[in-house]
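Right, one structure below, let's go through it.
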Amino acid sequence: MRWQPYNRGGRLAVAVMAVSSLCGAVAYAEIDGITGSTFNLTAKTGYISGADGLSLHVWGYANGGGSIQYPGPTLILEEGVPVTINLTNEMPEAVSIVFPGQESVTASGGDAGVLTREAPPDGMTVVTYTFTPTRPGTYHYHSGTHADVQIEMGLVGAIIVRPTGYDALDPSTWRAYEHADSAYDHEYLFLFTEMDYEIHWKLEYGLTSQVDTTTFHPVYWFINGRNAPDTMLPAGTPWLPTQPYNCLPRMHPGERMLLRIIGAGRDMHPFHPHGNNLTVIAKDGRLLESAPGLGADLAYSDFTLASVPGQTVDAIFEWTGEKLGWDIYGHAPGDPLEPNEYAPDHGKPFPVVLPGQLEITFGSAYSGSPFLGALGDIPPGEGGLNANAGYFYMWHSHNEVEMVNNDIFPGGLMTMLIIEPHGVPIP
Amino acid sequence: MNITKIRKEWWFCVSVLAALTVTAGSTSAATVTVNLRAEATTKTMPDGITTVPMWGFAVDADPVTVPGPPITVTAGDTLTVNLTNNLSVPVSLVIPGQITTMSPVWFTDGQGRQRVMSFTHEAASGGGMAVYTWTNVKPGTYLYQSGTHPAVQIQMGLYGSLIVESTTPGQAYDDASSAYDEQLVLLYSEIDPALHEAIDNGSYGTTGATSTIDYNPKYFLINGEPYSAATGPLPAGVAGDRVLIRFLNAGLKTHAPTLLGPYMKVIAEDGRLYPYAREQCSLMLLAGKTRDVIMTPSAAGAYPVLDRALDLTNAGAASAGGMLRILQVNPAVP
Ligand SMILES: [Cu+2]
């Protein structure tokens, strides 16, 4: 009997089905963002949605005349190609942009501020920032004005600098840095932030003088601007118009996934992947190398990654099911190996006698089988969110209080990694 | 030879080591004696109105400061501190990372339990004196601080920096990778005015709070002062210099100094040199931690170093404040 999908009307069901339907539409894996050498950003006010239904007043960077985005548009740049970023300001107070990790930024126009030049809140004055990203890697940008409030309010965004020679259509060029140690099959952005809604409410109602960031007490935590489970919805989903980026990492066994991790809020976040350790290869856009050209020879394996505010980390994740002690595909000893299968466990039996269906509770992502790529019997009304029979691993903040949406579990700084069986297309 | 190598200059003037120490060429270990006293003082916040009760250290007859006076010695020296305690509670002195014999002081609590009050021997309140000695000190950047009821006494201001220079002039450690042309100290700390008030008026532990669990700092200091519009830039050498920045965190919170512009080579932590320096523009600075970095700015400029944990306000005020400084790098002299 073949497993039949049930659409239970939940958001997650919509998410997974929609992601599946995207598969044919995109030919290659890239982090969502905007490319080019000139960007026109507008700082303005707007609203985002919490996964618990919250509507929150925020300040954000918009691409041109569009609506704000949280986080701001991911700027995808090319190593050595100068960029110009023009900023205008439709917010109630002066605003600016700083670019940590970019060594020679020039600013012109607007007014002098403490950290850089600022755009006054007149909707017209243009401040222009120019720099040449001389080194590839993962970076971020944020407001350099009234930063304790403005970063809280949403004025942050990611920057990715592609190395010379990168070609989105040629997987052999997919590297974060100019070394094979940073080569990958899939890349995903993990931009972490948090919010204290009281600050947002006060600013929405113009109670500016009552805002005191020293009493900061966040109750919402975000990956790429969304709380779980919205992190797993498709990118660009129409009912999250100001939160276009998702975070649903997917890979096949044996592939290399690059995580571009950005501590864009003000708190530390201990990020914990299930399934395997991460290998940290770079920080702040610099490979962890003992000498130039040696690659990530100082890379280290981490079980819980310390994401530091203002710091970017690049990490590689790999998974084959190695050393589970049983065959994750449920092979018989004489069966052929799957690609990248961990051979020593080939054909080893699953060491658990599965209880009968009346003895167990079914998770919504259970395929009905313990084996990767296999579907099994599920009672009517159960399961249904794992049409490919992948393995789901929760990736989350190990500060578990950050896995809630205003005190409601599960949510917050959390998403799922999906190990997809071979043959399942991943965009 | 008995040299008291105390720099009395203002913290933000501390930049050129070579001009301030007398260690150059010295290879034999010295005994350095510092006469410190612990005393109450107050600090006026940038609004010009708010004053906060503090406890601080002073050397000899100097005024009390927070942080206490910077102490600089050389690796291998013997450091002796004669501590006079003019506070109303016992205090003691410890230097995490430097080895000495510790003599903890115990007390009996209300339930008859023996508990540690001080990590080592105390200078009694009301003018008592105690002597603290460290022999064969190791090079690096350290905090000296109270070893008595530290959750309260360090918060009240009983901390300062100890710099132990390498025996090789112009190097922070016994390795060429730590060579520098200029150095400066950035010591981070915080003030929770309500806690200070409670300790000062005696309500802490009696009618008021009984612990620091509700710690809620309002002021965020670098070298004893929050940033304000009146804060000038910090001189940080000239373009092309190797500028050693010693970061210390005497506060109770983690801070994340980020440098806009040049990168920093992070060379050491807690007075221990890393085998390999790492190039970063951000820095995790945990409570009680010291980290040493070298920045080599290729061009003159004003480079902000801001706390990316966003403690950038003075008690919630909208203007720039807190843990922010502008490092001024001047053009190279042709
Ligand atoms: Cu977990």
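Chains as they are written, first to last, in the working numbering: chain A, 1 to 427; chain B, 1001 to 1334. Cβ atoms here follow ideal geometry from the backbone N, Cα and C, with glycine treated the same way.
Inclusion of A:GLY109 and A:VAL126 in the CB contact set at 7 Å is warranted, their separation being smaller than that value. Under the three-state reduction of DSSP, A:TYR139 is assigned to strand. With respect to chain B, the C-beta atom of A:ARG260 has no partner C-beta closer than 7 Å.
Neighbours of B:LEU1087 across chain A, judged by C-beta separation under 9 Å, do not exist; the nearest C-beta is about 27 Å away. Contacts with chain B at 7 Å (Cβ-Cβ) do not include A:GLN243. Note on B:TRP1106: under 16 other CB atoms within 10 angstroms of its CB, so exposed under the neighbour-count rule.
Burial state of A:ILE408 is exposed, judged by a 10 Å Cβ sphere holding fewer than 16 other Cβ atoms.
In the assembly as shown, B:ASP1109 is an exposed residue. Its beta-carbon has fewer than 16 other beta-carbons within 10 Å.
Classified as buried, B:LEU1324 has 16 or more neighbouring CB atoms from the shown chains inside 10 Å of its CB. Residue pairing for B:VAL1094: DSSP places it in a beta bridge opposite B:GLN1145. In the DSSP annotation of this structure, the continuous segment of the beta strand (DSSP E) that includes A:ALA158 starts and ends at 156-162. The stretch 321-401 of chain A is shown to contain whole beta strand (DSSP E) runs of 3 or more residues at 391-397, in chain order. By the criterion of a C-beta distance shorter than 7 Å, B:VAL1052 is surrounded in its chain by THR1042, LYS1043, MET1045, ILE1191, PRO1193, HIS1196, once the five residues flanking it on both sides are discounted. Counting only runs of 4+ residues, no alpha helix (DSSP H) is found wholly inside the stretch 206-259 of chain A. Straight-line measurement puts the Cα of B:VAL1081 at about 24 Å from the Cα of B:LEU1184. CA-CA distance, B:ALA1309 to A:GLY263, rounds to 10 Å.
Nearest C-alpha to A:TYR166 among A:THR242, A:LEU77, A:ALA107, A:PHE216: A:LEU77. Excluding sequence positions up to five before and after A:ASP148, its CB lies within less than 6 Å of the CB of THR213, all in the same chain and listed in chain order. The set of residues with any CB-heavy atom separation to ligand 1 below 6 Å comprises, in chain order, A:HIS272, A:HIS274, A:MET394, A:HIS396.
Burial state of B:PRO1275 is exposed, judged by a 10 Å Cβ sphere holding fewer than 16 other Cβ atoms. Around the C-beta of B:PRO1139, 16 or more other C-beta atoms lie within 10 Å, and the residue is accordingly described as buried.
Membership of B:TRP1055 in the beta strand (DSSP E) is indicated by the continuous run 1051-1059. For the pair of segments examined, the stretch 225-234 of chain A was found not to touch the stretch 273-287 of chain A: the number of CB pairs separated by less than 8 Å stays below three. With a 10 Å radius around the Cβ and a threshold of 16 neighbouring Cβ atoms, A:MET124 comes out exposed. Judged by DSSP secondary structure, A:VAL149 falls within the alpha helix (DSSP H) whose first and last residues are 147-153.
Under DSSP, the beta-bridge partners assigned to B:GLY1160 are B:TYR1144. Secondary structure at B:ALA1198: helix, using DSSP grouped into helix, strand and coil. For A:LYS44, the closest Cβ of chain B is not nearer than 7 Å.
Bridge pairing for A:ASN405: A:ILE408 [DSSP]. In this chain, A:TYR197 is not harboured by any beta strand (DSSP E); it is covered by the alpha helix (DSSP H) spanning 197-204. Listed along chain A, the residues sitting closer than 9 Å to B:SER1282 by beta-carbon distance are PRO100, GLY101, GLY263, LYS283, ASP284, VAL308, PRO309, GLY310, GLN311, THR312.
Taking C-alpha positions only, B:ALA1029 is separated from B:LEU1036 by approximately 22 Å. Where B:ALA1151 is concerned, the enclosing alpha helix (DSSP H) starts and stops at 1150-1153.
Look at the stretch 1213-1225 of chain B: the residues with a C-beta under 8 Å from a C-beta of chain A are ASN1216, PRO1217, LYS1218. Residue state for A:PRO171 is assigned as helix, using DSSP reduced to three classes.
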